[in-house]
Amino acid sequence: MSEATQEIGFAETKALEERYLMRTYRRAPVDFVRGEGPLLWDAEGKRYLDFLTGISVCSLGHCHPEVVKAVRDQAELLMHVSNLFYTEPMARLAERLSESSLGGRVFFANSGTEANECAIKVARKHAHRRGVISPEIVSFENDFHGRSYGALSATPGLAANEALGPMLPGFRAVPHNDAAALREAVGESTAAVLIEVIQGEAGVIPTSEEALLAAREACDETGALLILDEIQAGLGRTGSLWAYEQTPVRPNVLTSAKALGNGVPIGACVTGPEAADVLEPGDHGSTFAGGPVATVAALTVLDLVDDPMLLRRVRELGAYLCERLEGLAGVRETRGRGLMVGVGLEEGIDAAAVGADLLERGLVVNVPRSDTLRLLPPLVIDSDHVDHAVSLIGESLLGFSAG
Ligand code: PLP
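-1 is the number of the first residue of the sequence shown in the working numbering; add one for each residue after it.
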């Protein structure tokens, strides 16, 4: 075994982390070493059912054999040459993404944040072309678009952290789902409305049809671009390839990442024809982005996810999951669409304590806010997995009843 793959055990891993990693994450006390389909194993050999998938990333399950094979074959052939040259998988993936959505051009990135950075550049340059001197991007409060300064400035909750300031100028936010406030905020200097179809990090809060329509209409009236961030909600998660397909609006730009590589980092900013030619040579770039390994992984993901049977199953299983959860003592409501589910707990129940207890019981979930569990299971689960997860959540909640 080489030094890079040497196993050192949980205690030593933790000690190394404490000494050498920046303290940007509060980690759960588990050291995962293996994954297969919807299952994970920790360093002690304990098995977990994964209803989080690395935050909506491993949607086809861990180590999907076809993705693994595509990555392995490509890694043996060619791993990287940079964007100074043509590579076939990148061109094919761009075609696939464009033809399945908005029909314009694609810029590849390495993450969701970077996909949004590209979208922000497209929006600002598009606005400058219309003669706008100080372009503005409008988002919803509690939206999450990433953590680099552009994406962060469009993430109002985190942008309020003055210790990281100053943020970029030209960003404003209105209350989530306040259609009137959104219309009011969008004017001649608006470059784009950048919003999530379903707010994920905020606790799985769908954006209303009324708010989406208001955004679309306000953009049409002013010439601003509607950018939908589908980084968490896209790629089959809600039961359609793109989340916007189940809404009355079509964006001018959409951003994708997370599940696009099923674990291999890749992001994409996809435009409609109206914004396809905004960026020109020199405006943007990335050394790694769109590399052959990541793009063959994504091509394989799209082959498997863009399947009407699978997408129908996601909608059916999502409905079944919510119905079963709503029958549990301690559950106040479920929110979301398809297999993107927020479980609102009754007042007095600490979701963080329930999440930690579920991890002990062998179910991986996430707690985006103090009253909500977030479930983002693999899209390839079956009803037995749903039943198992629901029974673990039910057992756990019995120990945390509000009374
Ligand atoms: N946008 C949304 C909706 C997200 O959920 C996330 C990540 O959680 C991002 C953007 C940022 O993506 P990344 O962490 O890949 O940079």
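Glycine included, C-beta positions come from ideal geometry on N, C-alpha and C.
Note that the structure is a prediction, hence the values are computed from the model and not measured.
Supposed close pair residue i, residue j - CB separation, criterion 8 Å
{"i": "Val276", "j": "Leu224", "result": "Their Cβ separation, rounded to whole angstroms, is 15 Å, which puts Val276 and Leu224 out of contact at 8 Å."}
{"i": "Phe30", "j": "Pro375", "result": "Wrong, their Cβ atoms sit about 16 Å apart, outside the cutoff."}
{"i": "Gly129", "j": "Asn140", "result": "Not a contact, Cβ separation roughly 32 Å."}
{"i": "Gly101", "j": "Gly270", "result": "6 Å"}
{"i": "Ile203", "j": "Met338", "result": "With a Cβ gap of about 11 Å, Ile203 and Met338 do not count as contacting."}
{"i": "Gly52", "j": "Gly198", "result": "The pair is not a contact, with the Cβ atoms about 13 Å apart (cut-off 8 Å)."}
{"i": "Gly237", "j": "Arg313", "result": "3 Å"}
Neighbourhood of residue i by C-beta distance below 7 Å, restricted to the same chain and skipping five residues each side
{"i": "Asp304", "result": "Ser98 and Leu239"}
{"i": "Arg330", "result": "Gly342, Leu343 and Glu344"}
{"i": "Thr220", "result": "Val184, Gly185, Glu186 and Thr188"}
Residue range of the alpha helix (DSSP H) that includes residue i
{"i": "Asp40", "result": "From DSSP, Asp40 is part of no alpha helix (DSSP H) but of the beta strand (DSSP E) over Leu37 to Asp40."}
{"i": "Met307", "result": "Pro306 to Glu324"}
{"i": "Ser394", "result": "Ser381 to Leu396"}
{"i": "Val303", "result": "Pro290 to Val303"}
{"i": "Tyr242", "result": "No alpha helix (DSSP H) holds Tyr242; DSSP gives it neither H nor E."}
{"i": "Leu210", "result": "Glu207 to Thr220"}
{"i": "Val79", "result": "Val79 -> no alpha helix (DSSP H), and no H or E assigned at all."}
{"i": "Leu356", "result": "Ala349 to Arg359"}
{"i": "Asn114", "result": "Gly110 to Arg127"}
Cβ-based burial, residue i [other Cβ within 10 Å; buried from 16]
{"i": "Arg335", "result": "buried"}
{"i": "Arg322", "result": "buried"}
{"i": "His383", "result": "buried"}
{"i": "Ile131", "result": "exposed"}
{"i": "Asp439", "result": "Limits of the chain in this structure are -1 at one end and 401 at the other, which puts residue 439 out of reach."}
{"i": "His60", "result": "buried"}
{"i": "Val79", "result": "exposed"}
{"i": "Leu75", "result": "exposed"}
{"i": "Arg70", "result": "exposed"}
{"i": "Pro306", "result": "exposed"}
{"i": "Glu34", "result": "exposed"}
{"i": "Met77", "result": "exposed"}
{"i": "Pro279", "result": "exposed"}
{"i": "Arg311", "result": "buried"}
{"i": "Gly18", "result": "Checking the displayed sequence, the identity of residue 18 turns out to be Tyr instead of Gly. Result: exposed."}
{"i": "Thr245", "result": "buried"}
Under 7 Å between C-beta atoms of residue i and residue j
{"i": "Gly340", "j": "Arg372", "result": "yes"}
{"i": "Ala178", "j": "Ala222", "result": "no"}
{"i": "Leu47", "j": "Pro63", "result": "no"}
{"i": "Ser368", "j": "Ala349", "result": "yes"}
{"i": "Ala266", "j": "Phe142", "result": "no"}
{"i": "Val247", "j": "Val184", "result": "no"}
{"i": "Gly234", "j": "Leu58", "result": "no"}
{"i": "Ser399", "j": "Leu356", "result": "no"}
{"i": "Ala255", "j": "Ser109", "result": "yes"}
{"i": "Gly392", "j": "Leu315", "result": "no"}
{"i": "Ala296", "j": "Leu258", "result": "yes"}
{"i": "Met165", "j": "Ala157", "result": "yes"}
{"i": "Arg359", "j": "Leu319", "result": "no"}
{"i": "Thr205", "j": "Ala149", "result": "no"}
{"i": "Met88", "j": "Gly346", "result": "no"}
{"i": "Gly168", "j": "Glu134", "result": "yes"}
N-terminal and C-terminal residue of the beta strand (DSSP E) that residue i is part of
{"i": "Asp227", "result": "Leu223 to Asp227"}
{"i": "Glu134", "result": "Glu134 to Phe138"}
{"i": "Arg32", "result": "Phe30 to Glu34"}
{"i": "Tyr147", "result": "First-last for Tyr147: Tyr147 to Ser151, but that is the alpha helix (DSSP H), not the beta strand (DSSP E)."}
{"i": "Tyr46", "result": "Arg45 to Asp48"}
{"i": "Ala190", "result": "Thr188 to Glu194"}
Own chain, CB closer than 6 Å to residue i, minus 5 neighbours either side, in chain order
{"i": "Gln72", "result": "Pro290, Val291 and Val294"}
{"i": "Phe138", "result": "His174 and Ile193"}
{"i": "Ala92", "result": "Val104"}
{"i": "Leu300", "result": "Arg94"}
{"i": "Val172", "result": "Ala179, Leu180 and Ala183"}
{"i": "Cys56", "result": "Asn260 and Gly261"}
{"i": "Thr370", "result": "Gly201, Gly340, Gly342 and Ala349"}
Residue i CB to nearest heavy atom of ligand 2 below 6 Å
{"i": "Ala255", "result": "This structure lacks ligand 2; the ligands present are ligand 1."}
Cβ shell of residue i (< 8 Å), same chain only, five flanking positions each side left out
{"i": "Asp281", "result": "Lys119 and Lys123"}
{"i": "Tyr147", "result": "Met165 and Leu166"}
{"i": "Ala68", "result": "Val294, Ala295, Leu297 and Thr298"}
{"i": "Asp218", "result": "none"}
{"i": "Thr285", "result": "Ser80 and Asn81"}
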